[in-house]
Amino acid sequence: MIEGAAFGRDTVDLLNLFKDAEDAKDVEDGTVIFDEETPGEVMYVILRGEVDIFANGVLVETLGAGDLLGEMALIDSKPRSASALTRTDCRIAPVGEERFLQMVKETPHFSLHVMRILAERLRRTTAKV
Numbered sequence: 001m002i003e004g005a006a007f008g009r010d011t012v013d014l015l016n017l018f019k020d021a022e023d024a025k026d027v028e029d030g031t032v033i034f035d036e037e038t039p040g041e042v043m044y045v046i047l048r049g050e051v052d053i054f055a056n057g058v059l060v061e062t063l064g065a066g067d068l069l070g071e072m073a074l075i076d077s078k079p080r081s082a083s084a085l086t087r088t089d090c091r092i093a094p095v096g097e098e099r100f101l102q103m104v105k106e107t108p109h110f111s112l113h114v115m116r117i118l119a120e121r122l123r124r125t126t127a128k129v
């Protein structure tokens, strides 16, 4: 399931916030962005392409443009709960802790977008139980 379109205007706003990020990078199809159980000091905004998320070797979901990945480890300072592997060629923007905290403080719709993503993922998880 591609998540980017799920939040409509929030997704557009998020993409606009990061579209000109100087540290955004192009990543080839089949590239591991991060591995499960590794420390997470950076989250990523997907600007273009699709990324598969795996937990315990099982495909959990596919994320697309406007989605965040790696935010949980950044928020709670625990090891990553899943691995991320590009499904297509992608462009991603890294967001470190300092930048994340600054955006939460100064950009309310960014905070709201993060909360909506976390809430939607939690709802999907509990619906499977």
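In my numbering, the protein residues as written are 1 to 129.
We treat Cβ as the ideally placed atom computed from N, Cα and C, and that holds for glycine.
Excluding five sequence neighbours on each side, which residues of the same chain lie with their C-beta closer than 8 Å to the C-beta of residue i?
i   : result
R80 : F34, D35, E36, E37, T38, P39, G40, G70, M72, A73
V27 : I33, G49, T86, D89, C90, R91, I92
G30 : L85, T86
How many angstroms separate the CA atom of residue i from the CA atom of residue j?
i    : j    : result
K25  : V129 : 37 Å
E22  : A55  : 30 Å
T125 : I117 : 12 Å
L122 : D20  : 30 Å
E98  : V58  : 32 Å
D52  : E106 : 30 Å
R48  : A127 : 29 Å
V60  : A84  : 10 Å
A119 : L112 : 10 Å
L17  : P108 : 12 Å
Y44  : I75  : 13 Å
P94  : F100 : 10 Å
M14  : K78  : As written in the sequence, residue 14 is Leu, which differs from the Met given in the question. Cα-Cα distance, rounded: 25 Å.
T62  : A82  : 12 Å
Give me the DSSP bridge partner(s) of residue i.
i    : result
A82  : None; A82 has no bridge partner.
V104 : Beta-bridge pairing links V104 to no other residue.
L68  : V45
I92  : K25, I46
Tell me which residues share the same chain as residue i and place their Cβ nearer than 6 Å to its Cβ, disregarding the 5 neighbours each side in the sequence.
i    : result
F110 : M103
For residue i, which residues from the same chain have a beta carbon less than 7 Å from its beta carbon, with the 5 sequence-adjacent residues on both sides left out?
i    : result
V114 : L68, E71
G96  : E41, V42
### Message
Ignoring anything shorter than 4 residues, give me the alpha helix (DSSP H) runs that lie fully in the stretch 21-62, in order along the chain.
### Response
You should have found no qualifying run.
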